[in-house]
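Trainee: Take this structure, written in structure tokens, and hold onto it; I'll ask about it next.
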Amino acid sequence: MYEHILVATDGSDRTRGAVAHALGVAERYGATVHALYVVDSRALTIDEDGFGDYDQLVTALEERGERATESIAQQAEARGLATRTAVAHGTPARGIRQYADDHEIDLIAMGTQGRTGLARYVLGSVSESVLRKADQPVLTVNRAATTVDPSYDRILLPTDGSGHAGRVADHAFDIAARYDATVHALSVIDENLIRSPDLLATLERESDAALTAARERGEAAGVDVVARVWRGAPYDCITTYASERDIDLVTMGAHGKRGLHRFLTQNTAERVVRRAPCPVWTLRR
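Just add 8 to the spot in the sequence shown (first one is 1) and you have my numbering.
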């Protein structure tokens, strides 16, 4: 499922978690690791970063990018993985998406928090822009994530029964099978949608159908499934469940809200990425 994994880096220590998780997944799949640094000199000022002229600043950024990508390549090669490195110029979010499209990337991994100055571009706004527009799945890893042999024993799969949720589930169960993980299938009944007992009954039926489909996928993949229905605000239920159940990875889709029980919206996904206590794998419709 994953033959080429792209790791976007800004060279800061705060992206170490994203690198560790990306390399772990790459090792499980035997994937080629692509390390990318995008020079965005337009976002910086010469005086602010202590450089006397523009060319000096650009050179410093390029050298930083070369060091950062080479470090990732060395870590990947130590695991016996094939690697490619690149330092590009342009807007970071657009540069990451363009590289992914040009090199048939199957998964983009990046941090959700960076720092100011030369490493400022891996911020929430950039990662959210990538997951909002990229055609590939995006693995976002916050600065608090482990950097030592990360593994996934418990994977959370929020599902609303839509066709797109089914595509996300295929990835979730494939990852679970690789890690021998348990999948926690969660259906959230959005309390904001409840207007009558009849409507609640409809939502409950949709939840039951979504969880039944998840159980069937788990059985086919040889993966244990825990199925739960919660009521509340979708993003709050997802992040709370992840915290209370010590979830190691959240896998979720993002699409336009249609019908009664389509809670996997882009807004929900972005809120989960900001608040989740663990890495979040997302795929937009």
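Even glycine gets a Cβ: it sits at the ideal position worked out from N, Cα and C.
Need the endpoints of the alpha helix (DSSP H) that residue 205 sits in, please.
Mentor: 205–229
Trainee: Assign residue 62 to buried or exposed, taking buried as 16 or more other Cβ atoms, counted over all protein chains shown, within 10 Å of its Cβ.
Mentor: exposed
Trainee: Using the C-alpha atoms, what's the distance from residue 41 back to residue 91?
Mentor: 5 Å
Trainee: Could you tell me whether the region 140–159 touches the region 231–242, where touching means 3 or more Cβ pairs closer than 8 Å?
Mentor: no
Trainee: By DSSP, does residue 282 sit in helix, in strand, or in coil?
Mentor: Residue state for residue 282 is assigned as helix, using DSSP reduced to three classes.
Trainee: Run the CB neighbour count on residue 156, radius 10 Å, all protein chains shown included, and call it buried at 16 or more, exposed below.
Mentor: exposed
Trainee: With a Cβ-Cβ cutoff of 8 Å, do residue 246 and residue 280 count as a contact?
Mentor: Yes. Within cutoff.
Trainee: Quick one: grab the DSSP three-state call for residue 180.
Mentor: helix
Trainee: Looking only at its own chain, which residues have a Cβ that is under 8 Å from the Cβ of residue 253, when we skip the five neighbours before and after it?
Mentor: 162, 164, 192
Trainee: Tell me, please, which residues DSSP counts as bridged to residue 236.
Mentor: 194
Trainee: Measure the C-alpha to C-alpha separation of residue 9 and residue 250 and round it to an integer number of angstroms.
Mentor: 25 Å
Trainee: Determine the closest residue to residue 33 out of 135, 219, 114, with distance taken between C-alpha atoms.
Mentor: 114
Trainee: Decide if residue 203 is buried, meaning its Cβ has at least 16 other Cβ atoms within 10 Å, or exposed.
Mentor: exposed
Trainee: If you draw a straight line from the alpha carbon of residue 104 to that of residue 141, how long is it in whole angstroms?
Mentor: Rounded to the nearest angstrom, the gap between the Cα atoms of residue 104 and residue 141 is 11 Å.
Trainee: For the alpha helix (DSSP H) holding residue 67, just list the boundary residues, first then last.
Mentor: 62–86
Trainee: Taking residue 223 and residue 181 to be in contact with their CB atoms under 8 Å, please state how far apart those CB atoms are, rounded to whole angstroms.
Mentor: 11 Å between Cβ atoms; not a contact.
Trainee: Assuming residue 45 contacts residue 25 (C-beta within less than 8 Å), just tell me the rounded distance between them.
Mentor: 17 Å between Cβ atoms; not a contact.
Trainee: Output yes if chain B places a C-beta closer than 8 Å to the C-beta of residue 221; else output no.
Mentor: The structure shown contains no chain B; it is built from a single protein chain.
Trainee: For residue 293, collect the residues of the same chain with a Cβ closer than 8 Å to its Cβ; drop the 5 residues on either side in sequence, then sort them by chain order.
Mentor: 172, 261, 262, 263, 264
Trainee: Is the beta carbon of residue 159 sitting closer than 8 Å to the one on residue 187?
Mentor: yes
Trainee: What is the DSSP secondary structure of residue 261, counted as helix, strand or coil?
Mentor: strand
Trainee: Please report the straight-line C-alpha distance between residue 297 and residue 227, rounded to a whole angstrom.
Mentor: Outside the displayed range of the chain (9 to 293) lies residue 297, so it cannot be described from this structure.
Trainee: How many whole angstroms separate the CB atoms of residue 43 and residue 23, which I take to be in contact at a CB cut-off of 8 Å?
Mentor: Not a contact, Cβ separation roughly 11 Å.
Trainee: Taking the beta carbon of residue 209 as the centre, do at least 16 other beta carbons fall within 10 Å, making it buried, or is it exposed?
Mentor: Residue environment for residue 209: exposed (fewer than 16 other C-beta atoms within 10 angstroms of its C-beta).
Trainee: Pick out whichever of 291, 47, 19, 12 has its Cα sitting closest to the Cα of residue 37.
Mentor: 12
Trainee: Which of the three DSSP states, helix, strand or coil, is assigned to residue 164?
Mentor: Secondary structure at residue 164: strand, using DSSP grouped into helix, strand and coil.
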